[in-house]
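Undergrad: The opening position of the sequence shown corresponds to residue 205 in the numbering used here, with each subsequent residue numbered one higher. Here you go, one structure.
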Amino acid sequence: MITVENLTKSFPGEKTPVLALRDVSIEVSAGALYGVLGPSGAGKSTLARCVALREKPDRGTVRLDGLNVARLDGRRLREVRRQVAALDAHPPLRAERTVAGNIAEPLERLGVDGPQRRSRVGRVLDLTGLTQRAAQLPGELTEGQRRRVGLARALAAGPAVLLADDPTAGIDQDDAAGVLTVLDRARAELGVTVLLTTQDSSVVRRACDEVGVLEQGRLVEQGSVLGLITDP
Ligand code: ADP
Ligand code: ADP
Numbered sequence: 205m206i207t208v209e210n211l212t213k214s215f216p217g218e219k220t221p222v223l224a225l226r227d228v229s230i231e232v233s234a235g236a237l238y239g240v241l242g243p244s245g246a247g248k249s250t251l252a253r254c255v256a257l258r259e260k261p262d263r264g265t266v267r268l269d270g271l272n273v274a275r276l277d278g279r280r281l282r283e284v285r286r287q288v289a290a291l292d293a294h295p296p297l298r299a300e301r302t303v304a305g306n307i308a309e310p311l312e313r314l315g316v317d318g319p320q321r322r323s324r325v326g327r328v329l330d331l332t333g334l335t336q337r338a339a340q341l342p343g344e345l346t347e348g349q350r351r352r353v354g355l356a357r358a359l360a361a362g363p364a365v366l367l368a369d370d371p372t373a374g375i376d377q378d379d380a381a382g383v384l385t386v387l388d389r390a391r392a393e394l395g396v397t398v399l400l401t402t403q404d405s406s407v408v409r410r411a412c413d414e415v416g417v418l419e420q421g422r423l424v425e426q427g428s429v430l431g432l433i434t435d436p
């Protein structure tokens, strides 16, 4: 479970500081697919980056399974950070390595041995529908398939939490549906808790069970998707 309490974060602006998050509190149940919805500049990425331990809030706490991450020392922080995968919208894939090779790369860096790598890569290839593409090079893939390689790569090490910052930006409806299917399978089959940010309420409606709505750095609504977002 992810608990965010009274998170405040500002950035230096031209004249006055920009308040990206103002006293934001959210609770994400373990195994949920939680959507952070809001227009551009609302603070969605900043919230995701704070939860992913990639950004330090000015005030407030982030708890992962009850653990206050601000209290962790360097080594424990690195361990916990490994549990929280952040998905890149444009994953920096290596052109000369195969799909499987790109997915295996983070595991190689972690020192996971060969047989384990093969088993984990096989599992996420299946989850992302890329088994038939394992031996191809990124240049031979469609944009939608490349996005799914990025997802497979983020999931390979078995994170507890996946942060998907605007995962459907810049792709067509079919590719977006493919990405959302993978997020749903990651939750259902791997037990991953997913935090997704988007400007698109139809993405939240299709993929998420809980939603928090951000406007100008403030959480203006939170609850079940069924209760908050109805069909137009
Ligand atoms: P969203 O993801 O909803 O588009 P962001 O979290 O990216 O919103 O940004 C929220 C606000 O914080 C915006 O006004 C943005 O310009 C500002 N901001 C975000 N990151 C930085 C940064 N590194 N430096 C300065 N301002 C930033
Ligand atoms: P590259 O040629 O890009 O370096 P490799 O053949 O070295 O790719 O494979 C990288 C990793 O992916 C290895 O750890 C290998 O075990 C794993 N791998 C390759 N093909 C598959 C597959 N079809 N299913 C599961 N794992 C695979």
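Glycine included, each C-beta is placed from N, C-alpha and C at the ideal position.
(1) Does the beta carbon of T302 fall short of 7 angstroms from some heavy atom of ligand 2?
(2) Relative to the C-alpha of G421, which candidate in V208, E218 and D227 has its C-alpha closest?
(3) By a C-beta neighbour count over all protein chains shown, 10 Å radius and 16 as the cutoff for buried, is V325 buried or exposed?
(4) Judging by CA-CA distance, which residue of T265, G348 and T207 is the nearest neighbour of A373?
(5) For the alpha helix (DSSP H) containing E309, name the first residue and the last one.
(6) From which residue to which residue does the alpha helix (DSSP H) around E283 run?
(7) Apart from the five residues on each side of it in sequence, which residues of its chain come closer than 8 angstroms, Cβ to Cβ, to S233?
(8) Quick one, are the C-beta atoms of L367 and R352 less than 8 angstroms apart?
(9) Which residues neighbour ligand 1 when neighbourhood means a C-beta less than 6 angstroms away from any of its non-hydrogen atoms? List them by chain order.
(10) Spell out a yes or no on whether the segment 229 to 244 and the segment 397 to 406 are touching, meaning 3 or more CB-CB pairs, one atom from each, closer than 8 angstroms.
(11) Got a sec? Which residues, its chain only, sit under 6 angstroms from V424 by beta carbon, not counting five neighbours each side?
(12) Please find out if some non-hydrogen atom of ligand 2 comes closer than 7 angstroms to the beta-carbon of V325.
(13) Can you give me the Cβ contacts of Q287 inside the same chain, cut-off strictly under 6 angstroms, excluding the 5 residues immediately before and after it?
(14) Note the first and the last residue of the continuous beta strand (DSSP E) segment covering Q426.
(15) Buried or exposed, going by whether 16 or more other CB atoms sit within 10 Å of the CB of L313?
(16) Taking the straight line between their C-alpha atoms, what separation do you get for E309 and R267?
(17) Give me the residue from H294, V429 and R258 with the minimum Cα distance to I375.
(18) Compare the C-beta of D277 with all C-beta atoms of chain B and state if any pair is closer than 8 angstroms.
(19) Using only the heavy atoms of ligand 2, determine whether one of them is closer than 7 angstroms to the beta carbon of G217.
(20) Please indicate yes or no: does the CB of A358 lie closer than 7 angstroms to some heavy atom of ligand 2?
(21) From G427, A381, A256 and G315, pick the residue whose C-alpha is nearest to that of E231; which is it?
(22) Assuming contact is defined by CB atoms lying nearer than 8 angstroms, are L225 and L211 in contact in what I supplied?
TA: In short:
(1) yes
(2) D227
(3) buried
(4) G348
(5) V303 to R313
(6) G278 to Q287
(7) M205, T397 and E414
(8) no
(9) F215, V222, A224, G242, S244, G245, A246, G247, K248, S249 and T250
(10) yes
(11) V417
(12) yes
(13) P363 and A364
(14) R422 to S428
(15) Just to set this straight, residue 313 is Arg in the shown sequence, not Leu. Exposed is the call here.
(16) 29 angstroms
(17) H294
(18) Of the protein chains in the structure, only one exists, and it is not chain B.
(19) no
(20) no
(21) G427
(22) yes
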